[in-house]
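Below is one structure, written out as structure tokens; the observations come after it.
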Amino acid sequence: MEQHEFHYAGFWRRFVAYLIDQLLVGAVNFIILLPLYLIFGLGIFAFENFESFEKFSNVNSTVQFEDEYTAAFVIAIIFVALIVGAISIIIQWLYYALMESSSKQATLGKMALGIKVTDMNGNRISFGRATGRYFGKIISGLILNIGYIMAAFTQKKQALHDLMANCLVILTLPNYQQHQGGYNESSQNTITS
1 MEQHEFHYAG
11 FWRRFVAYLI
21 DQLLVGAVNF
31 IILLPLYLIF
41 GLGIFAFENF
51 ESFEKFSNVN
61 STVQFEDEYT
71 AAFVIAIIFV
81 ALIVGAISII
91 IQWLYYALME
101 SSSKQATLGK
111 MALGIKVTDM
121 NGNRISFGRA
131 TGRYFGKIIS
141 GLILNIGYIM
151 AAFTQKKQAL
161 HDLMANCLVI
171 LTLPNYQQHQ
181 GGYNESSQNT
191 ITS
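Residue numbers are given in UniProt numbering: position 22 of the sequence shown equals residue 22, and the series is strictly consecutive.
In structure tokens:
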């Protein structure tokens, strides 16, 4: 039997890595979606000005105009919101799944904090498993973030999405805790497979 000694990444380290990743992904989302925001914003401005002009120029058709165009405007807002939401999810999914299944096994935030994602034996995870882990994060968040908070209380410091994908989040620097004021026995575990 193979024995693996892992130092599991704790809740707060993972939380800070998550914040870093969200800042980076948010910036990328903003840059990619900025043209859509600008185009839609100009469309709103044009719609409002066109509607005001129509009200003054043709009083008899105002009621009908407001109903038709207001409905179209609301549908356009919903459509753009769905597109923006879908693009944001795709960007986040690709960022997390590609980075965590790469040879680095970590997002930029995780790399900055010295942690990586592995399977239960410490090996690199596949893109499919990283995808499952990402979409599991949505479930972790939907239940009042309890799925994330679980990482503070489980033996292997696994969040719900880690359990769902059979993954571990471990320190990439095994001696990190020794250099930071002593060895922490609670975060070292041996796995036999």
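Glycine included, C-beta positions come from ideal geometry on N, C-alpha and C. These numbers were taken from a predicted model, which means no experiment stands behind them.
At what residue ranges does the UniProt domain "RDD" (8 to 166) contain a whole run of the alpha helix (DSSP H), taking only runs of 4 or more? The UniProt domain "RDD" (8 to 166) contains these whole alpha helix (DSSP H) runs: 11 to 57, 62 to 100, 108 to 113, 127 to 142, 146 to 149 and 160 to 165.
Three-state secondary structure (DSSP) at residue 173? Residue state, collapsed to three classes: coil.
So for residue 6, helix, strand or coil by DSSP? strand
Residue 115: which of 81, 76 and 167 sits nearest, CA to CA? 167
Going by the beta-carbon positions, is the gap between residue 170 and residue 18 smaller than 7 Å? no
Own chain residues within Cβ distance below 7 Å of residue 151, not counting five before or after: 11, 14, 157, 158 and 159
Excluding the 5 residues preceding and the 5 following residue 141 in the sequence, name in chain order all residues of the same chain whose CB lies nearer than 8 Å to its CB. 147 and 148
Rounding to the nearest angstrom, what Cα-Cα distance links residue 108 and residue 22 in this structure? 10 Å
For residue 124, tell me which candidate among 28, 100, 84 and 38 has the shortest Cα-Cα distance. 100
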